[in-house]
Each structure stands twice: as structure tokens, then as C-alpha cells.
């Protein structure tokens, strides 16, 4: 959801100021039993 919001904001900024480089980071919460890298669950 938040990734979709960055494009319109970047367009407005680029129209008024020239963007030469950009970087976007996303943070997601994880539980104690989740792996931080995708992989099969041990429950199955």
C-alpha cells in the first residue's frame, strides 16, 4: 500500500525539483516464529 503512494509524491517533487536519485525503504513487522527470508514452514 505505501509503495503505491511514493510514485505520486515523487512525480510532484520531480515536477517542481529535479530528482537525480531516489531510495525507498519499507519496514514490515515480524513475529517470533517467522523467518526473515522466505522459505517453507516447519509446521507442514
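In the numbering used here, the protein residues as written are 156 to 199.
Every residue gets a Cβ at the ideal spot worked out from N, C-alpha and C, and that includes glycine.
- Taking the C-beta atoms as reference points, residue 191 is found nearer than 8 Å to residue 185.
- Annotation for residue 166: no residue places its beta carbon closer than 7 Å to its own, counting only its chain and skipping 5 residues before and after.
- Looking at 182, 179, 164, the one whose alpha-carbon comes closest to that of residue 172 is 164.
- CA-to-CA, the gap between residue 159 and residue 179 works out to about 12 Å.
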